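Peer 1: Dumping the structure here so I can ask a few things about it.
There are 2 protein chains.
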Amino acid sequence: MGAQDGRRVTSVDVAKRAGVSQSAVSRAFSRTASIAPATREKILRAAAELDYRPNRIPAIMLSGRSGMVGVVVGGLSNPFYASALEHLVCSLRDQGLQVLLVHVDDALTLDSALEQLLGYRIDAVVTALAIGSEVVAQALGTLRIPVICFNSRLTGPWISTVSSNNRAAGVTAAHLLRERGVACPAWLAGPLRNAASVARGEGFREGLGALAAGLVSLQGDDTYESGYEAVSTMLARGVRPDGMFCSNDMMACGAIDALRDRAGLCCPRDVVLLGYDNIPQGAWRAYDLTTFDQGVERLVGAACALLAEALADGAEPVSQSLVIGAELLERGSTGPV
Amino acid sequence: MGAQDGRRVTSVDVAKRAGVSQSAVSRAFSRTASIAPATREKILRAAAELDYRPNRIPAIMLSGRSGMVGVVVGGLSNPFYASALEHLVCSLRDQGLQVLLVHVDDALTLDSALEQLLGYRIDAVVTALAIGSEVVAQALGTLRIPVICFNSRLTGPWISTVSSNNRAAGVTAAHLLRERGVACPAWLAGPLRNAASVARGEGFREGLGALAAGLVSLQGDDTYESGYEAVSTMLARGVRPDGMFCSNDMMACGAIDALRDRAGLCCPRDVVLLGYDNIPQGAWRAYDLTTFDQGVERLVGAACALLAEALADGAEPVSQSLVIGAELLERGSTGPV
DNA sequence: CTTTTGATTGCATAGCTATGCAATCCAGTC
DNA sequence: GACTGGATTGCATAGCTATGCAATCAAAAG
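Which chain is which? The protein sequence lines are A and B, in order.
Take the first sequence: its letters are residues 341 to 677, numbered as in the working numbering.
Take the second sequence: its letters are residues 341 to 677, numbered as in the working numbering.
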């Protein structure tokens, strides 16, 4: 076995043992290089005996490419983001890219975290942050590497975005409520800095048409608790909507629970309610939540395609925006299908 | 600004502009090195003008340490793991360690994924996999780097584990049910390969004492659906327990929904029920689930402490096992406190 | 047998920073 | 003014692999 002394096993060690040059070892582990099958086998055998593993670090120095992508997440407590991350990690691995993960609470953390990551010469950044300040855009722009954002309205020469068709979904939600005969609609918004939420609200208002005049607007922050709170407060003030669109599923679940707990209201009997994201919990029997499925696979697939394009040799700074249609997924909370 | 031609800005470029040597630039960015304040400032200014960022890659080659930790996850759809990951990423960053994330479906993926990661010279591996085969242990053992496992019974010269006090919690759960006067207890187990689940079951059985004779044993796979299914099947067979311990919260939620849907049974009125993990959804009003809080912060903190120790200079291969006590968190599903 | 061709292999080098060591410089001391 | 000591700086090098180029070799063609 290798590591007789403390030193790591290098390609030179393998070369010695196999009786070839160091370059031959390198070629034995390369898919493209030209090498005789017999030689390769001999080398691989020697490598196995020494427990040698090719070291990618020098290759990074030479090529300037690390094969690593910085992935910036916040709020993994939302199962939608957790799922998106899971898919993303798998897709990137299939492209031969590794994920350098960063968790971010605020813009400050982001700055220092990116600074750190850049030291590792990451090839790109993918972010699912629901953050969209100019400051962030600027920070991301100066990296001079491709940046892919989910559901963001950031723009810049290196920044591409993949978004759900938030506005159209909002319209669809409104139409569904009108079909169900809703007279007094409500809208439970996410935080203002969340561009996706804003777009959903705009679409919803637009789709409501005349009904928009009496729209009840509630403010949440994308968490279950905020949905529960907002609806509780509303009910306490005596407001009783009969239809409700929630900017995400977490808040929708909170809303359903508040409606039941605080006023004995049921979905869909008393309130026709729907959310957004299609988190697993929405399908749980206690909620049976109608929602919009963003199609995580398509979303992530699109992001990876953009990434591959942006990382192609000799590519210019790319800036694209893809919109992926979200699909209405009708369940019990909006009534029998 | 930098990057006049395609080349990246290097410390040599900064040195030229600041009129110093390359080593001075290196020292300006080092916390420990000796350098005159005026010189450092001059260099930092030049660096800022050129948009220079220190490159960690050569340092990795020299030191053999990358400052990256491979984190292996599976099943991020369980919010408990998502939360653990979030905490872990933050704690590691506070230690100056980066996270190279891998998602694993099966043992096969694990092997190839680890092979990949090793090329990046990761300093250690942290895994929250509920996988514990000998094969995996062997694979992890040959890496010759510290490995930290959560809730696993893997052992080996390089492997340390941090576990929740699963067995004791099982006993506590049993005692709680007996206090509540449960006559016919049930146990909803996770997959057999999940060592934590097995330990919880053993403790539960032990704590039940005489009651263990009539124990109803159900088999799930840690998902909501499996909990729902298992309980539905049980009810269909006419079995009606009045107390239930579920190996995790996801299954517990499924069990609660099945009890209500399929037999109109409520917790705690008809069934005294508790889970494990303290996922956010357990606190949702629809479930109000009594559970064991593993203390993610403490768990992750302990793991990071072990890691720091294992990565200390000149450390021998460490193999420790820490057990963190889980705390019973009583909510409505086991009756009024 | 000679020449040509293609395949395989080895040599030498680039890539960028951290650090030991030696050189230099400055201030303080006698 | 000479000397000591400490602080600062520069020089030179190690660290490991991928790859262009030249050399070599074997086989096929003439």
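Even glycine gets a Cβ: it sits at the ideal position worked out from N, Cα and C.
The structure presented is a predicted model; accordingly, all values stated were derived computationally and were not measured.
Shorter than 9 angstroms from the beta carbon of Asn395/A to some beta carbon of chain B?
Peer 2: Closer than 9 angstroms to some Cβ of chain B, the Cβ of Asn395/A qualifies, so yes.
Peer 1: List in chain order: all unbroken beta strand (DSSP E) runs of 3+ residues lying wholly within the region 368-409 of chain A.
Peer 2: Qualifying beta strand (DSSP E) stretches: none in this window.
Peer 1: Within 9 angstroms (strictly less), CB to CB, does Cys489/A reach chain B?
Peer 2: Not one chain B Cβ lies under 9 angstroms of Cys489/A.
Peer 1: How far does the alpha helix (DSSP H) with Cys593/A in it extend, from its first residue to its last?
Peer 2: It spans Asp589 to Ala603 - the alpha helix (DSSP H) in which Cys593/A sits, taken as one unbroken run.
Peer 1: Could you tell me if Leu432/B is buried or exposed, where buried requires 16 or more neighbouring beta carbons within 10 angstroms of its beta carbon?
Peer 2: So Leu432/B ends up on the buried side.
Peer 1: Going by C-alpha to C-alpha distance, which of Gly415/B, Ser406/B, Leu516/B and Arg602/B sits closest to Gly465/B?
Peer 2: Note on identity: in this sequence residue 465/B is Val, with Gly being the wrong assignment. Selected option, being the one with the closest Cα: Ser406/B.
Peer 1: In chain B, which residues lie less than 8 angstroms from Thr482/A when you measure between Cβ atoms?
Peer 2: By Cβ distance, chain B contributes Asp391.
Peer 1: State the DSSP-derived secondary structure class of Gly675/B, mapped to helix, strand or coil.
Peer 2: Looking at Gly675/B - three-state DSSP - the assignment turns out to be coil, as it is neither helix nor strand.
Peer 1: Taking C-alpha atoms, which residue in Gly635/A, Leu517/A, Pro497/A and Arg461/A lies nearest to Gly549/A?
Peer 2: Nearest of Gly635/A, Leu517/A, Pro497/A and Arg461/A to Gly549/A, Cα basis: Leu517/A.
Peer 1: How long is the line joining the alpha carbons of Ile664/A and Leu448/A, rounded to whole angstroms?
Peer 2: When rounded, the distance between both Cα atoms is 31 angstroms.
Peer 1: For Ser417/B, which of helix, strand or coil comes out of DSSP?
Peer 2: Correct three-state label for Ser417/B: coil.
Peer 1: Counting only the same chain and skipping the five closest in sequence on each side, list residues whose C-beta sits under 7 angstroms from that of Arg602/B.
Peer 2: Ser572 and Leu575, listed in sequence order.
Peer 1: Assign Ala358/A to buried or exposed, taking buried as 16 or more other Cβ atoms, counted over all protein chains shown, within 10 Å of its Cβ.
Peer 2: Classification for Ala358/A: buried.
Peer 1: Give a yes or no on contact between the region 521-528 of chain A and the region 484-503 of chain A, applying the rule of three or more CB pairs nearer than 8 angstroms.
Peer 2: The region 521-528 of chain A is not in contact with the region 484-503 of chain A.
Peer 1: To the nearest angstrom, how far is it from the Cα of Ala343/B to the Cα of Val413/A?
Peer 2: Here Ala343/B scores only 41 on pLDDT, less than 50, and its place in the model is too uncertain to base an answer on.
Peer 1: Give the interface partners of Asp601/B over in chain A, defined as CB-CB distance under 8 angstroms, in chain order.
Peer 2: By Cβ distance, chain A contributes Arg625.
Peer 1: Taking 9 angstroms as the CB-CB limit, is Val475/B close to chain A?
Peer 2: Val475/B does not count as touching chain A.
Peer 1: Where do the N-terminal and C-terminal ends of the beta strand (DSSP E) with Thr573/A fall, by residue?
Peer 2: Taken as a continuous stretch (DSSP letters only), Thr573/A belongs to no beta strand (DSSP E), being part of the alpha helix (DSSP H) at Tyr564 to Ala576.
Peer 1: Pull up the distance between the alpha-carbon of Arg671/B and that of Trp624/B, whole angstroms please.
Peer 2: Distance between the alpha carbons of Arg671/B and Trp624/B is about 11 angstroms.
Peer 1: Whose C-beta lies closer than 8 angstroms to the C-beta of Ala422/A among residues of the same chain, with five residues either side of it excluded?
Peer 2: Hits under 8 angstroms: Leu416.
Peer 1: Considering only the alpha carbon of each residue, which of Gly521/A, Ala387/A and Ala570/A lies closest to Gln559/A?
Peer 2: Checking every option, the nearest Cα to that of Gln559/A belongs to Ala570/A.
Peer 1: Among the candidates Ser492/B, Ile485/B, Phe544/B and Gly567/B, whose CA atom is the shortest distance from the CA of Glu656/B?
Peer 2: Comparing Cα positions, the closest option is Ile485/B.
Peer 1: For Val612/A, list the residues DSSP reports as bridge partners.
Peer 2: Note: Val612/A sits in a beta bridge opposite Gly583/A.
Peer 1: Any C-beta of chain A within less than 7 angstroms: which residues of the region 399-410 of chain B qualify?
Peer 2: Those would be Ile400, Met401 and Gly404, in chain order.
Peer 1: Would you kindly work out how many angstroms separate the C-alpha atoms of Arg580/B and Asn491/B, rounded to a whole number?
Peer 2: Approximately 31 angstroms, taken between the alpha carbons.
Peer 1: Just to confirm the assignment, what range does the beta strand (DSSP E) spanning Leu440/B have?
Peer 2: Gln438 to His443 is the extent of the beta strand (DSSP E) around Leu440/B.
Peer 1: Starting from Val511/B, follow the beta strand (DSSP E) in both directions and report where the run begins and ends.
Peer 2: No beta strand (DSSP E) contains Val511/B, which is instead part of the alpha helix (DSSP H) from Asn506 to Glu519.
Peer 1: In chain order, what residues of the same chain have a beta carbon less than 6 angstroms from the beta carbon of Tyr564/A, not counting five sequence neighbours either side?
Peer 2: Counting only Cβ-Cβ distances below 6 angstroms, and skipping sequence neighbours, we find Met590, Cys593 and Gly594.
Peer 1: Can you tell me which of the three DSSP states Ala364/B falls into?
Peer 2: Correct three-state label for Ala364/B: helix.
Peer 1: Mark Thr674/A as exposed unless 16 or more other C-beta atoms lie within 10 angstroms of its C-beta, in which case mark it buried.
Peer 2: That one is buried.
Peer 1: Taking 8 angstroms as the threshold, find out whether the region 638-653 of chain A comes into contact with the region 425-440 of chain A through three or more Cβ pairs.
Peer 2: Verdict: yes, contact present.
Peer 1: Sort Leu614/B, Val349/B, Val556/B and Ala553/B by Cα distance to Tyr627/B and report the nearest one.
Peer 2: Per the Cα distances, Leu614/B.
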